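Residue numbers (my numbering): 155 to 792.
Ideal placement from N, C-alpha and C gives every residue a C-beta, glycine not left out.
Bear in mind the structure is a predicted one, so any value in this text is a computation, not a measurement.
Notes to accompany the following structure.
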């Protein structure tokens, strides 16, 4: 049973899933004080307010006993105190997406129809928001493979499989039967407790857990990621305002669960929200509806929604028809058959986590806009028939973009089924970039900037595949990918723009072969090539990628002297943010140097180009290095 232990220095209460961690050392997340985890003495609690208020035992805000990971899942090295705090910084689950309807007198038929239509629109918007998240979760790239390409993503020849995946295979052989990859746990940026479905009624098939306050923080990586997927970000903002009159910055953690109904109907929604700061109970009650005391817990009814106030920071909402189940779920969680094997393996402290069952999405295609449905279908086919459930989580830190995909094996689990699913999925990842290239070549973005970004998507898919490490558990496959932090916004904006462009592309037409420019049209000298007119639209493009693009436009390799730049205090990742149309290539290079503060500086901090007409190469280096080696700087101003 979960317990709470106060920090002896600052008093912050820490939450443990059970007593198995007592006796070990823990670290307070608030004051960083290290102390031995000992069970606190029992203290009787006295209510200060005699009025009838909602009082929930402490255990109701901590993980339920049955949700704690089984012994074969718990990693002893992971201190439980790193989990989210209860009570004064409570991060349980979160709100839902549907608008609060004001209680009013009975309406006429026309008014009632209008009200039902408005509710339908709001539920549809929520479906689109969750659908958008799932669209990325199914595989930030895979959904954009056209239908005929997706059907060809079958098993690769055995010899190819062995060559490309031998390291992963060896690693997974060594870890056969391990519930959670030791590599993933040691390398994961977070070590929180599993996602809980406390307070959630029966029937959940889709789960979304995120941390809005962190994601919407100004100048953060999360905010940059959201800028790359504006429709999803906007829908979440609108829904939070409609339902709770809150901004994302006010919400610490948000859990949304979709409960499917009949095929073709919008899902019911249940959600739990944890606010950043305590709220006055009177203010919370004003936002809710009529109080009903027929249940073991006070419930507030507003329209077709039922609300519960758990504590000053935690609100619960769900279907009015399932209010009794919500109250019962305070102490006894409702089972989610297909998701239950994966839930104990999740980490609720990750910035974004989505769990879903492919079968549910395949039956509920109306949740997605018509122009998205073909790609959802292809993505689900790409996951394969043996994938029963999927969990995808990401976490953003300054040096690292961390992604973890868990694939639940279809039950009953046959012998070596997880191993076979791992091999099948790693094969598909290895083939993905090659499958995407011919389809992306059929796209014809009209804007230069979009053309650049979309053109990089297959390469990004290849990098993602190469960086993915797989492990096998008893009933699941784990795929962990660690990339530089820039990968998150790049993947997001590339995927979003590629999908948008694909809606205007007719893939049934025969692909037009690219026009090969005769060599005779290319200037012979590099000096003349640098005078060629090009268009650039750099949006936080790293310096090395910017010069790679210029080199591609003038068909001349441009190398970066990394050692020289490092001595001058420069890096290859200096972001370039500017747009030039019809500018000479050398003017673009000069603009990069100026924006990077590499002009009119000391020799070691002055960036220059060195041209080698013999080898037909260009080198980016510093004036100090060029002087030392006797190279002649190229005059970019002439």
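Looking at the structure shown, is residue i part of a helix, part of a strand, or coil, going by DSSP?
i: residue 529; result: helix
i: residue 569; result: coil
i: residue 462; result: strand
i: residue 166; result: coil
i: residue 790; result: coil
i: residue 550; result: strand
i: residue 367; result: helix
i: residue 514; result: helix
i: residue 388; result: helix
i: residue 605; result: helix
i: residue 558; result: strand
i: residue 184; result: coil
i: residue 356; result: coil
i: residue 593; result: helix
i: residue 599; result: coil
i: residue 398; result: helix
i: residue 423; result: strand
i: residue 534; result: helix
i: residue 522; result: coil
i: residue 584; result: helix
i: residue 193; result: coil
Taking residue i as the reference, which of the options has the closest Cα?
i: residue 185; options: 167, 192, 535; result: 167
i: residue 679; options: 696, 381, 768, 499; result: 768
i: residue 442; options: 433, 577, 459, 501; result: 459
i: residue 699; options: 467, 708, 730, 585; result: 730
i: residue 457; options: 444, 352, 468, 692; result: 444
i: residue 567; options: 361, 505, 630; result: 630
i: residue 681; options: 660, 770, 734; result: 770
i: residue 689; options: 758, 640, 605, 622; result: 605
i: residue 479; options: 355, 712, 176; result: 355
i: residue 500; options: 473, 633, 437; result: 633
i: residue 348; options: 461, 509, 718; result: 509
i: residue 728; options: 716, 738, 739, 734; result: 716
i: residue 176; options: 187, 188, 159; result: 159
i: residue 651; options: 702, 594, 451, 624; result: 594
i: residue 425; options: 539, 361, 452, 400; result: 361
i: residue 400; options: 374, 549, 433, 711; result: 433
i: residue 417; options: 694, 625, 521, 533; result: 521
i: residue 345; options: 498, 552, 538, 656; result: 498
i: residue 684; options: 648, 659, 737, 181; result: 737
i: residue 422; options: 372, 359, 610; result: 359
i: residue 585; options: 560, 619, 561, 576; result: 619
Do you know how far the Cα of residue j is from the Cα of residue i?
i: residue 569; j: residue 706; result: 51 Å
i: residue 558; j: residue 686; result: 45 Å
i: residue 792; j: residue 749; result: 19 Å
i: residue 742; j: residue 714; result: 16 Å
i: residue 541; j: residue 581; result: 15 Å
i: residue 608; j: residue 653; result: 9 Å
i: residue 278; j: residue 545; result: Any reading at residue 278 must be qualified, since the residue scores a pLDDT of 48, below 50, and its modelled position is unreliable; the value itself is stated next. Going from the Cα of residue 278 to the Cα of residue 545 covers about 23 Å.
i: residue 503; j: residue 587; result: 31 Å
i: residue 519; j: residue 419; result: 10 Å
i: residue 621; j: residue 639; result: 13 Å
i: residue 802; j: residue 718; result: With the chain running from 155 to 792 in the structure shown, residue 802 is simply not present.
i: residue 603; j: residue 628; result: 46 Å
i: residue 591; j: residue 613; result: 9 Å
i: residue 564; j: residue 507; result: 21 Å
i: residue 781; j: residue 389; result: 56 Å
i: residue 617; j: residue 392; result: 35 Å
i: residue 396; j: residue 641; result: 33 Å
i: residue 449; j: residue 357; result: 20 Å
i: residue 491; j: residue 386; result: 28 Å
i: residue 551; j: residue 452; result: 40 Å
i: residue 596; j: residue 648; result: 16 Å
i: residue 721; j: residue 553; result: 22 Å
i: residue 600; j: residue 494; result: 46 Å
Going by the C-beta, is residue i closer than 8 Å to any heavy atom of the ligand GDP?
i: residue 461; result: Within the structure as shown, the ligand GDP is missing, as the structure has no ligands at all.
Handout entry: Runs of beta strand (DSSP E) lying entirely within the stretch 657-740, each at least 3 residues, in chain order
Key = 687-696, 712-714, 729-738
Problem - Secondary structure, beta strand (DSSP E): runs of 3+ residues fully inside the stretch 759-784 - result: 761-766, 771-776
Handout entry: Meets three-Cβ-pair contact criterion under 8 Å: the stretch 521-532 and the stretch 475-495
Key = no
Exercise for the section: Specify whether the stretch 401-410 and the stretch 348-367 touch according to this definition: at least 3 beta carbon pairs, one from each stretch, less than 8 Å apart. Expected result: yes
Handout entry: Contact the stretch 513-523 vs the stretch 373-381: 3+ CB pairs below 8 Å
Key = no
Problem - Inter-stretch contact at 8 Å, needing at least 3 Cβ pairs: the stretch 428-437 / the stretch 463-478 - result: Between the stretch 428-437 and the stretch 463-478, the count of Cβ pairs shorter than 8 Å is three or higher; the stretches touch.
Practice task
Taking 8 Å as the threshold, find out whether the stretch 757-766 comes into contact with the stretch 779-791 through three or more Cβ pairs.
Solution key: yes
Exercise for the section: Mind listing, in chain order, the continuous alpha helix (DSSP H) runs of no fewer than 4 residues lying wholly within the stretch 466-491? Expected result: Taking only runs of at least 4 residues, the alpha helix (DSSP H) segments lying wholly in the stretch 466-491 are 477-482.
Exercise for the section: Write down every uninterrupted run of the alpha helix (DSSP H) in the stretch 428-458 whose length is 4 residues or greater and which is fully enclosed by it, in chain order. Expected result: 435-441
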